[in-house]
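I have placed the structure first, in the form of structure tokens, so that the comments after it can refer back to it.
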Ligand SMILES: [Zn+2]
């Protein structure tokens, strides 16, 4: 009977069981016996097949092992629940893992490097790449003229790393039918134009990518599956065991992407727990359209997968990004004479939220600027109560009033600490010092009782949860490592409505990561100065080692 048992002993098991979302209570008590945000600790854990069988002390757990069990001495290493990534773009991440990122320090050199990205492509095929101007000496987006000079002989489409803008050369614009007479769709697709009214190649807004990508030949199901396999390997290497795709359909449309997910899960190439958040505008394009229910979307998956894939929330966008100056602010940008604007006007946003809730969904609404967060909270207030709590994605620019309203709404804030290390300087330029200092007040959110889950929005940033912890602790001196760990585990499970994710408990899925050290005992200054040395040694999803190895943990 003991044949398949795996026993890990001699370490620290951070279960997150009985964890408080914030350490405030234990700090106030000044008592080591009061649980903190990382919950109960143990020293050993036993699992078999995909289930956790026992958690406890070394002696009692080692006694469960038989001659055929796999017994691993952790030698003081730490076991944490597998990290939960409630907002990522795995399909896009896998897709972009195969394309170039045009970045660097000098704009001119970056543009000169673009032809290199086309070297291995067949003649006439599209060159698709990403660009990240946040580090450039002159952070202006490349124009069609820049791209025509660099690559005149094939269509070129560059996606801004945030996903909130694209730039294309003349061939790509022509194939997508973007010309002088094509009108903007306010909030959704804004075509930048020169003095004569000709498109400059730069198109901003959430529909910009869709419009250009629709002109490209779609990928095959095998290519989609391969993209998800690449994403799964990267996520697993970072200790992630649950992942949510926060806008299914955004890259190649809902049916193409659902088919890829189905293929990757069935074949085992995607071994992580999966939640899919279809884009609301992709399943109900116009505001008055009937919204299909979760069961109707689930019916598009093979029957065997319907219980395996969580479908609880829809993704909706209320504004854009600070980096592209499309986030919707209450007061103008510090470096532009406007304040951004909404993707949907407030009345439409309310109608959208109502329609989705009536169809049985919760909403996960992207809101970065303070005006967008306020509009989303208004819409949530005016809609019926959802079956599962709503989420607000990013919730970056807040003030005391918005924090109070967010707490009252009971929505989960799904926030991205690594954004701050990636684009902190750009945020300061966009917002000025006073507003930039109010970005992402993690500890204040917890003290206000707001459920707060960390995520990365990868591939916007590299996305390792440990880097997220480093960024969060560097940004917010009032946040503890235990709180950061909670935000990457138990809170993420709660955001996804997945009881088994983010906590180690008997009977739960055996989803865990082995870390080189207990993150809650690493000194704070080691985290903030980058000398913590904490690394993921192995990742176990559903009882299978999906990254790293358990042998030789010393
Ligand atoms: Zn996102």
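In my numbering, the protein residues as written are 58 to 611. Glycine included, each C-beta is placed from N, C-alpha and C at the ideal position.
> Which residue's Cα is closest to the Cα of residue 240: 255, 194, 366 and 483?
Replying inline: 255
>> Under 7 angstroms: does the beta carbon of residue 267 sit that close to some heavy atom of ligand 1?
In response: no
>> Can you tell me whether residue 93 is buried or exposed? The criterion is at least 16 other CB atoms within 10 Å of its CB, across all chains shown.
In response: buried
>> Considering just the uninterrupted stretch of the beta strand (DSSP E) at residue 304, what are its terminal residues?
In response: 297-305
>> Just to confirm my understanding: we take residue 247, look at its own chain, exclude 5 residues before and 5 after, and list those with CB closer than 6 angstroms. What are they?
In response: 241, 261 and 262
> Unbroken beta strand (DSSP E) runs of length 3 or more, entirely within the stretch 175-212: which are they?
Replying inline: 184-188
> Which residues bound the beta strand (DSSP E) around residue 130?
Replying inline: Per DSSP, residue 130 belongs to the beta strand (DSSP E) from 127-130.
> From residue 63 to residue 122, what distance separates their C-alpha atoms?
Replying inline: Approximately 8 angstroms between the Cα atoms of the pair.
>> Please return the same chain residues whose Cβ sits closer than 6 angstroms to the Cβ of residue 603, not counting the five positions on each side in sequence.
In response: 293, 328 and 596
>> With a threshold of 7 angstroms (Cβ to nearest heavy atom), would residue 221 be considered close to ligand 1?
In response: no
>> For residue 388 and residue 544, what's the separation of their Cα atoms in angstroms?
In response: 30 angstroms
> With burial defined as no fewer than 16 other Cβ atoms inside 10 Å of the residue's Cβ, what is the status of residue 324: buried or exposed?
Replying inline: exposed
>> Please give me, in chain order, every unbroken run of the beta strand (DSSP E) with length at least 3 that falls completely inside the stretch 446-500.
In response: 448-451 and 469-472, all fully within the stretch 446-500.
> Mind checking residue 342: buried by the 16 CB within 10 Å criterion, or exposed?
Replying inline: exposed
>> Using C-beta distances below 6 angstroms, list every residue in its chain close to residue 150, excluding the 5 sequence neighbours before and after it, in chain order.
In response: 288, 515 and 516
> Any chance the CB of residue 427 is under 7 angstroms from a heavy atom of ligand 1?
Replying inline: no
> Can you check whether the CB of residue 228 is closer than 8 angstroms to the CB of residue 211?
Replying inline: yes
> Can you tell me where the alpha helix (DSSP H) with residue 282 in it begins and where it stops?
Replying inline: Its alpha helix (DSSP H) spans residues 278-294.
> Should residue 345 be labelled buried (16 or more other beta-carbon atoms within 10 Å of its own) or exposed?
Replying inline: Exposed, because fewer than 16 other Cβ atoms sit within 10 Å of the Cβ of residue 345.
>> What does the alpha-carbon distance come out to for the pair residue 196 and residue 163?
In response: 9 angstroms
> What residues in its chain sit with their C-beta under 7 angstroms from that of residue 468, if we drop five residues either side in the sequence?
Replying inline: 437, 446, 447, 448 and 449
> Going by other Cβ atoms of all chains shown within 10 Å of its Cβ, with 16 needed for buried, is residue 364 buried or exposed?
Replying inline: Exposed is the call here.
> Would you say the stretch 377-395 touches the stretch 409-421, given that touching needs at least three Cβ pairs under 8 angstroms?
Replying inline: no
> In or out: residue 178 buried (at least 16 other Cβ within 10 Å) or exposed?
Replying inline: exposed
>> Let me check understanding here. Comparing Cα to Cα, which of 498, 491 and 492 lies closest to residue 470?
In response: 498
> Assuming residue 524 and residue 475 make a contact with CB atoms under 8 angstroms, what is their CB distance in whole Å?
Replying inline: About 6 angstroms separates the two Cβ atoms, so the contact holds.
> Got a sec? Which residues, its chain only, sit under 6 angstroms from residue 607 by beta carbon, not counting five neighbours each side?
Replying inline: 129 and 595
> From residue 428 to residue 460, what distance separates their C-alpha atoms?
Replying inline: 13 angstroms
> Going by DSSP, which residues form a beta bridge with residue 569?
Replying inline: According to DSSP, which records beta bridges pairwise, residue 569 is partnered with 138 and 597.
>> Looking only at its chain, what residues have a beta carbon closer than 6 angstroms to the beta carbon of residue 520, apart from the 5 residues adjacent to it on each side?
In response: Result list for residue 520: 513, in chain order.
>> Taking the alpha helix (DSSP H) that residue 148 belongs to, which residues open and close that run?
In response: 147-153
> When the Cβ atoms of the stretch 130-144 are set against those of the stretch 153-171, are three or more pairs found closer than 8 angstroms?
Replying inline: Contact fails between the stretch 130-144 and the stretch 153-171, because fewer than three Cβ pairs, one in each stretch, are under 8 angstroms apart.
> Given 8 angstroms as the limit, is there contact between the stretch 264-271 and the stretch 92-108, that is, 3 or more CB pairs closer than that?
Replying inline: no
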